[in-house]
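This report refers to the structure that appears directly beneath it.
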Amino acid sequence: MAAFLLRRLAGHAVLAVLAASLAYLLAAAALDPRADFEDRAPRPPASAIDAELSRLNLNDRTPVLRRYRTWAGGVARGDFGRTWQGEPVNAEMWRRTWVSLRLLLPGAVLGCVLGVLLGAYAAVRHGRAADRAITFASYLLLAVPVFVLAALLQIAASEVNDLAGVRVFEWVGESSPGAGEGAFGALGGFGDRLRHLLLPTVTVALAQLALYVRYQRGTMLDVLNADFVRTARAKGLRWRSALLRHGLRTAMIPMTTYFAYTSGLLLLGAMFTEKIFGWHGLGEWLIDSITRGDVNVVAAVNCLAAGCVLLAGLVSDVVNGFLDPRVRVGAA
Amino acid sequence: MTTPAAAARTQSQGDASPAPAADGTGRPLSRARAGARRVLASRRAAAGLALLGLLALLAVAGPFVSPWRWDDTDLTAFRAPPSSEHWFGTTQSGRDVFALSVRGLRRSLAIGLCVAVLSTGLAAAVGTVAGFAGGWTGRCLMWGVDVLLVLPSFLVVAVLSPLLGGRWPLLVPLLAAFLWMVTARVVRAMTVSLREREYVLAARFLGVGAPRVIVRHILPHLASLLVVDASLNVSVAIVTESGLSYFGFGVRPPDVSLGTIIADGRGTATTHPWLFGFAAALLVLVVLAVNLLGDGLRDVLDPTSSGPAPRTGGRVRRRARPGNARAHEYGTGPA
Amino acid sequence: MNVLEVRGLNVTYAPDVRAVRGVGFDVAPGEVLGIVGESGSGKSAVALATLGLLPPGARVRGSVRLRGRELLGRPDAELSRVRGRDLAMVFQDPLSALTPVHTVGDQIAETIRVHAGATRAAARARAAELLELVGIPDAPRRARAYPHEFSGGMRQRVMIAMAIANDPVAIVADEPTTSLDVTIQAQVLDVLRTAKEATGAAIVLITHDLGVVAGFADRVMVMYAGRAVESGPVDEVYRRPRMPYTIGLLQSLPRIDGTARGARRIEGAPPDATEPAAGCPFAPRCPVSVPDCADAEPEPALTGPSGHLVACVNTVATADPARVFPAPDRLPVPARPPREERRVVLEVNELVRHHPLYRGTLIKRRVGTVHAVDGIGFDVREGESLGLVGESGCGKTSALMEILRLARPQGGRVSVFGKDTSDLSKGRRKALRRDIQVVFQDPFTSLDPRMRVADILAEPLVTHGVPPERTRERVEKLLELVGLDPAHACRYPHGLSGGQRQRVGIARALALEPRLLLLDEPVAALDVSVQAGVIDLLEELRARLGLAYLFVAHDLAVVRRIADRVAVMYHGRIVEIGSAPEVYGSPAHPYTRALLDAVPLPDPGRERHRRRVPLQGDPPDPASPPRGCRFRPRCPRYASFPDDASRSPCDAQDPVSRPLSGAVRRDQSVACHYPLLPGEGVR
């Protein structure tokens, strides 16, 4: 298994390097950081702008390939260069990665688990009212883009706040200033964080859930009439236990492939969610950097995203191998 | 290796082949008619088609029924709520929200349809060539697909958006260039399996040349898949476009798209819901309609998913592919 | 005292497919009832209805009693306590019927624990015992393996172990050997026999194979279009069948012993189950139907000793089964010069085809080489039919495809009509394709479902530049040639029955007037009653058009009917080749002998008294040929050698094919160090 993972990893590494290089070249060619410097008031002299741009390896008068070589040399040493303000990209990126993780992880896990359960349930109740309701809801949810979903949740939350007379929901930033110093001390601070987490988590979770419901319902329906479920029934298992013991696990095997697919979507959802809920994570950073033409940041985040997508692929391989003995043998 | 001949024998003659029920009946003309009948028989597809028709009608006829043009400003009504004068209300600067929304809807539909046609065509070309040629040609093509798949396409399009300079028609090839890879993979896989079908082998052993085999025996069998994927690509394109526009990377002011209207109205969504609500509802309805149509088409046309008609013998297999989830694959891992 | 009593069983699938109509039977402890029928006859629905496992949407009426207790209509909870304990089932396809993600030991143990509530350890130990009982070597270790790590035959043994885990009183086996090779089928039937003896259970054996029933069942029930048309003791039914359908089935069956008295055939195809039957469903195909047949469906009536029931109005006409179906007019065999003087149309020398073997679903990597075809040689002469037989995976289809490519093979030489295929130009190759054509196994996949019959038949003509005005006429001629109606030209393949489709496939192959046809299992996917018609057609075409056939099949009885010469393949090699009467009459290779032994005869008396040594072990792994003789690990003769000295040639080298000599063996070669002598080991 380990050897097989290593091979897989090596293949992925090549893909990642190519994808990251492509991302840098595209960003370096398309974005225009000079414009942003020129817009400063008072406008700095052209030579100063040139010097500053060159120092940051952003000068569009340097050939793209030479800039790429400088950048790639840095990346090979683990240095993603400097931001537009001259700060190192690395430190900021790691800080923001943690923010994004705090935002995404609970939502992703919640959405995935609930989605699988609901999807399996809907399949078992195939054609009945519960199935129809779940299927319809997942359709509707899939049709709502994240930025609309987040706005709708905010409207709903503000209604609740108005009704309750207290701020049950918060949706700006990660915490309110001074919450930790209140009557409940650190506990209050934690509660405040939870309160801030609620809406973004629900947003992320709902978007994930809708996908997983559709996937799981489909794979479970495949299994519902499978010969081995019939065999299990012929052994004397009741319908429900036959499905749980023999059907569910088999139906979850294809889900591991979809897991890799949804990870890309999750990253995208993060951009919208962070931007809308005012979390200073990677997504927000990326959007702002594209607007500013901050090539190094854009390239770094793209690298990270490509890495995440590949990592998700790897994780799904491992889970797949864990769930499916047929793959395990093939890998050994 | 020999296929266990006996295994084939056990299949009853009626259900040995899942395809025929989903495959054509009658000559091309009547087959199209039969297909249309089946599409209408699928409630999902019919609902999606009806909804999409209504929205298209709104997009086309809207400007003619509305007293306001999208770039008119009514200096007597700023942020006015919906009324008989302004059906969907007005914006901060006194623009009519109905006229704006209809214009946004037009943009979204136009971009969605063009992108879907373009990207599906590209996918079909690359997929069939990679699948049929195999060998190094196929491997290199698929490798390129993999590299593109690793990059989250939304990010790439966002990064490249400054090159557009606000000219929305340029957005179409850009979006199409980064949305075709998943379909290409599916097309290639189908082509590879079709290439080994006995009737394709039979044609090749008869001496029929490769281009003719592709045109006569392979493309007709991919047609339903391509129709389904094209329809699902419409919704991917629409959602991606509105997301880009929402962030200011797609359609830019003064032009409008549903995404820009939603972005403008979102800040005041709690106090002035009409600024945001109508455009959001239209966007959701468009995506819902396209998804319903795409999924319905898949049920009807895709031989790998179960047809609606039960077969004799009782053992009805469901090969449901997860439906419109495809509509949301922006960035995808190598599968 | 009967354990299982079924009365008036009716199964209707939604919307209104009447799969089973008023079927009833009894089975006593230790008794085997064989239910025989073609596809669509409703036999599987009977099995599922008995266990209450019909898919949702199916409606059942009637009565199923197990030891006097009614099962139909009981709630699922109660039925679940009966299923797997008193009433067990063995399914057809053991790969899909076993859960892929659990070990076989756990799956058997689960059966025990669901009912007996044994501890996990006790159940596992019992599972290992059961695996031992069904003949799985190294049972405790193999119990921890997953289904995909077993061969088809071994999986079916696991299914049987699962079925007998709780000592059931009745076992329903639905086509338990259908997807298996004939040698493995014999093994599995032996296991089923052991299981019956170990549990004393009543067995309902459902199959389409009249041979399997003959040797295994005590009583037989024949189903047609959802009805039981004939039932009774197996000897009685096979010797004196009274229902025309049964008679036709038995008489149309190709037989390995070659005693078929001028094979007959049933015309037409079974009726559509969605149409309500007015009279006897067999009447349209029946040669002795009378006006009364159309009035009402005949009820089974006692017509012979020991409960021989027949549902037929005109039993008077069936008193002598031999006279029911008219004897076919024998085609005069055209006088041909002796074999040596005829032209060689296909010559294959030392042909090699190896495939790289990849493993792994996620990441593919090469783990070995499949020796699909490993140096075979034969020739086919004008007007001759060579049958290529062997178990699945022996490389017979690979050989066919390799010849059809008409390109340079990996090794060896193929020459068609004297032209070597390795250095053909593109144009010459295309021209050569006119002379060599192929008919595939599965008529459902070999015709493009989106093309009309006329277009399918026109494709070869258009490709080879036949002018369009002549195409139409030629298509009509072709349809007539294969016994189809000109009206069929505008149909799509799915509007045709299996037999008709295969005829279209044959017509397409004949469109360019080839002189050599390669046939890949052309009748394997067809029902028995349809098979005979297609075989007759092939024989007729050969006689009329002077075609040569290379005929690949796994069914030795079919090959016996159509082939002049036979080549037996094993593990990529031809182990024996010669004229059909000589190879079938006095096989020289132990493998040929074993194959012939394993084929069940549709004759209960002879089948019961046949002395046979079933071939042990599984078909070989084509990726790892053993050292020395490839058949050595399964060879009964090798196993019977007392000392190493006589084994040493087999260990040391793979035997080369040598012609035999003798009075009866003038055209027979064998690749064996110790060929069997004529008459040796005869049944």
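Chains as they are written, first to last, in UniProt numbering: chain P, 1 to 332; chain Z, 1 to 335; chain U, 1 to 683. From the three backbone atoms N, C-alpha and C, an ideal C-beta is built for every residue, glycine too.
Given that Z/Ala210 touches chain U, what residues does it touch there, using C-beta distances under 7 Å? In the second sequence, counting from the first residue as 1, residue 210 of chain Z sits at position 210. By Cβ distance, chain U contributes nothing, its closest Cβ being about 12 Å from Z/Ala210, past 7 Å.
Label P/Pro145 either buried or exposed according to how many other C-beta atoms from any shown protein chain fall within 10 Å of its C-beta, with 16 as the threshold for buried. Reading the first sequence from its first residue, position 145 is the one you call residue 145 of chain P. Around the beta carbon of P/Pro145, 16 or more other beta carbons sit within 10 angstroms, so the residue counts as buried.
If you follow the alpha helix (DSSP H) that U/Asn2 is part of, which residue opens it and which one closes it? What you label residue 2 of chain U is simply residue 2 of the third sequence in a count that begins at 1. For U/Asn2, no alpha helix (DSSP H) segment is defined, and its DSSP state is neither H nor E.
Output, in chain order, the set of chain Z residues within a Cβ distance shorter than 8 Å of P/Ala130. Along the first sequence, one-based indexing puts residue 130 of chain P at 130. Near P/Ala130 there are no residues of chain Z at all, since even the closest Cβ is about 17 Å away, more than 8 Å.
For P/Gly293, count neighbouring Cβ atoms within 10 angstroms of its own Cβ and tell me buried if that reaches 16, exposed if not. What you label residue 293 of chain P is simply residue 293 of the first sequence in a count that begins at 1. Around the CB of P/Gly293, 16 or more other CB atoms lie within 10 Å, so the residue is classed as buried.
Any C-beta of chain Z under 8 Å from that of P/Phe190: Here residue 190 of chain P refers to the residue found at position 190 of the first sequence. No, because no Cβ of chain Z sits closer than 8 Å to the Cβ of P/Phe190.
Buried or exposed: where does P/Trp98 fall if 16 or more other Cβ atoms within 10 Å of its Cβ makes it buried? Walking along the first sequence from the start, residue 98 of chain P turns up at place 98. Classification of P/Trp98: exposed, given that the 10 Å Cβ count is below 16.
Span separating the alpha-carbon of U/Arg470 from that of U/Val172: Position 470 of the third sequence holds residue 470 of chain U. Position 172 of the third sequence holds residue 172 of chain U. Linking U/Arg470 to U/Val172 through their CA atoms gives a straight-line distance of about 57 Å.
Start and end of the alpha helix (DSSP H) containing P/Thr256? Start at 1 with the first residue of the first sequence, and residue 256 of chain P comes out as number 256. Annotation: the continuous alpha helix (DSSP H) that includes P/Thr256 extends over 255-277.
Strictly by DSSP, which residues pair up with U/Arg227? Within the third sequence, numbered from 1, the residue matching residue 227 of chain U stands at position 227. Within the DSSP bridge table, the entry for U/Arg227 names U/Tyr224 as partners.
In terms of DSSP beta bridges, what is U/Gln441 paired with? Numbered from its first residue, the third sequence carries residue 441 of chain U at position 441. For U/Gln441, which the question treats as bridged, DSSP gives no partner whatsoever.
Measure the alpha-carbon distance for P/Thr219 versus P/Phe136 and round it to whole angstroms. Within the first sequence, the letter at position 219 stands for residue 219 of chain P. Within the first sequence, the letter at position 136 stands for residue 136 of chain P. Just so you know, the alpha carbons of P/Thr219 and P/Phe136 end up roughly 18 Å apart.
Which of the residues in the segment 188-217 of chain Z, read from start to end, lie with their CB under 7 Å from any CB of chain U? Cβ contacts with chain U come from Arg197, Glu198, Tyr199, Ala202, Ala203, Phe205, Leu206, Gly207, Val208, His217.
Within the continuous beta strand (DSSP E) that includes U/Ala19, where are the two ends? Residue mapping note: residue 19 of chain U aligns to position 19 of the third sequence, counting from 1. Segment 17-27, the beta strand (DSSP E) holding U/Ala19.
Does chain P have any CB closer than 8 Å to the CB of U/Thr99? Sequence index remark: in the third sequence, residue 99 of chain U carries index 99 (1-based). With respect to chain P, the C-beta atom of U/Thr99 has a partner C-beta closer than 8 Å.
Any C-beta of chain U sitting closer than 8 Å to the C-beta of P/Ala234? On the first sequence, residue 234 of chain P is found 234 positions in, with the first residue counted as 1. Yes, contact with chain U.
Taking only the alpha-carbon atoms, compute the straight-line gap between Z/Pro67 and P/Ala20 and give it to the nearest angstrom. Here the question's residue 67 of chain Z lines up with position 67 in the second sequence. Here the question's residue 20 of chain P lines up with position 20 in the first sequence. Here the alpha carbons of P/Ala20 and Z/Pro67 stand approximately 51 Å from one another.
Alpha carbon of Z/Val129 to alpha carbon of Z/Ala59, nearest angstrom: Residue mapping note: residue 129 of chain Z aligns to position 129 of the second sequence, counting from 1. Residue mapping note: residue 59 of chain Z aligns to position 59 of the second sequence, counting from 1. Between the C-alpha atoms of Z/Val129 and Z/Ala59 there is a straight-line separation of about 38 Å.
Of all Cβ atoms in chain Z, is any one closer than 8 Å to the Cβ of P/Ile49? By 1-based counting over the first sequence, the position of residue 49 of chain P is 49. For P/Ile49, the answer is no, since every Cβ of chain Z falls outside 8 Å of its Cβ.
Between which two residues does the alpha helix (DSSP H) carrying U/Tyr591 extend? Reading the third sequence from its first residue, position 591 is the one you call residue 591 of chain U. For U/Tyr591, the enclosing alpha helix (DSSP H) begins and ends at 590-598.
Could you run through the segment 56-82 of chain U and flag, in chain order, every residue whose CB is less than 7 Å away from some CB of chain P? Answer in chain order: Asp76, Ala77, Ser80, Arg81.
Scan the segment 525-565 of chain U and note each continuous alpha helix (DSSP H) run of 4 residues or more that stays entirely inside, going in chain order. Listed in chain order, they are 528-545, 556-562.
Which bits of chain Z does P/Trp158 rub up against, with CB to CB less than 7 Å? Within the first sequence, numbered from 1, the residue matching residue 158 of chain P stands at position 158. Strictly speaking, residue 158 of chain P in this sequence is Ser, with Trp absent from that position. Listed by position along chain Z, the residues whose Cβ is nearer than 7 Å to that of P/Ser158 are Thr270.
Excluding the 5 residues flanking U/Pro29 on each side, which residues of the same chain have their C-beta closer than 8 Å to its C-beta? Counting from one through the third sequence, the residue named residue 29 of chain U turns up at place 29. Cβ within range, chain order: Met1, Val3, Val169, Gly200, Ala201, Ala202.
So, using beta-carbon positions, are Z/Leu275 and Z/Thr268 closer together than 8 Å? Residue numbering aside, residue 275 of chain Z sits at position 275 when the second sequence is read from its first letter. Residue numbering aside, residue 268 of chain Z sits at position 268 when the second sequence is read from its first letter. Yes.
Proximity test, Cβ basis, 8 Å: Z/Pro220 and chain U: Residue mapping note: residue 220 of chain Z aligns to position 220 of the second sequence, counting from 1. Judged by the 8 Å Cβ criterion, Z/Pro220 is in contact with chain U.
Chain-order list of residues whose beta-carbon lies under 8 Å from that of residue 685 of chain U (same chain, five-residue window excluded): Limits of chain U in this structure are 1 at one end and 683 at the other, which puts residue 685 of chain U out of reach.
Using a 10 Å radius around the Cβ and a threshold of 16 neighbouring Cβ atoms, would you call P/Trp84 buried or exposed? Within the first sequence, the letter at position 84 stands for residue 84 of chain P. Counting Cβ neighbours within 10 Å, P/Trp84 comes out buried, since at least 16 surround it.
Using 8 Å as the threshold, is the segment 149-157 of chain U in touch with the segment 225-235 of chain P, meaning 3 or more CB pairs across them? No, the segment 149-157 of chain U is not in contact with the segment 225-235 of chain P.
Consult DSSP for U/Thr369 and reduce its assignment to one of helix, strand or coil. The count along the third sequence starts at 1 and reaches residue 369 of chain U at position 369. It is a strand residue.
Determine which residues of the segment 97-125 of chain P have a Cβ less than 7 Å from any Cβ of chain Z, and write them out in chain order. For chain Z, none of the residues of the segment 97-125 of chain P brings a beta carbon within less than 7 Å of one of its beta carbons.
With a threshold of 6 Å on Cβ separation, who are the neighbours of U/His589 within its own chain once the five nearest residues in sequence on each side are excluded? As a first step, residue 589 of chain U is located in the third sequence; it is residue number 589 there, counting from the start. Hits under 6 Å: Val575, Glu576, Val670, Cys672.
Where P/Tyr68 sits in the DSSP three-state scheme: For the purposes of this step, residue 68 of chain P is taken as the residue at position 68 of the first sequence. Three-state DSSP puts P/Tyr68 in a helix.
Return the bridge partner residues of U/Ala170 from the DSSP annotation. Indexing the third sequence from 1 puts residue 170 of chain U at position 170. When DSSP reads this structure, U/Ala170 sits in a beta bridge with U/Leu87, U/Ala202.
Identify every residue that forms a DSSP beta bridge with U/Asn349. Taking the third sequence and counting its residues from 1, one reaches residue 349 of chain U at position 349. In DSSP, U/Asn349 forms a bridge with U/Arg413.
On a CA-only basis, which of U/Glu340, U/Gly62, U/Ile108 is nearest U/Glu144? Give me that one, please. In the third sequence, counting from the first residue as 1, residue 144 of chain U sits at position 144. Per the sequence shown, residue 144 of chain U should be read as Arg rather than Glu. Looking at the Cα atoms, U/Ile108 is the closest of the given residues.
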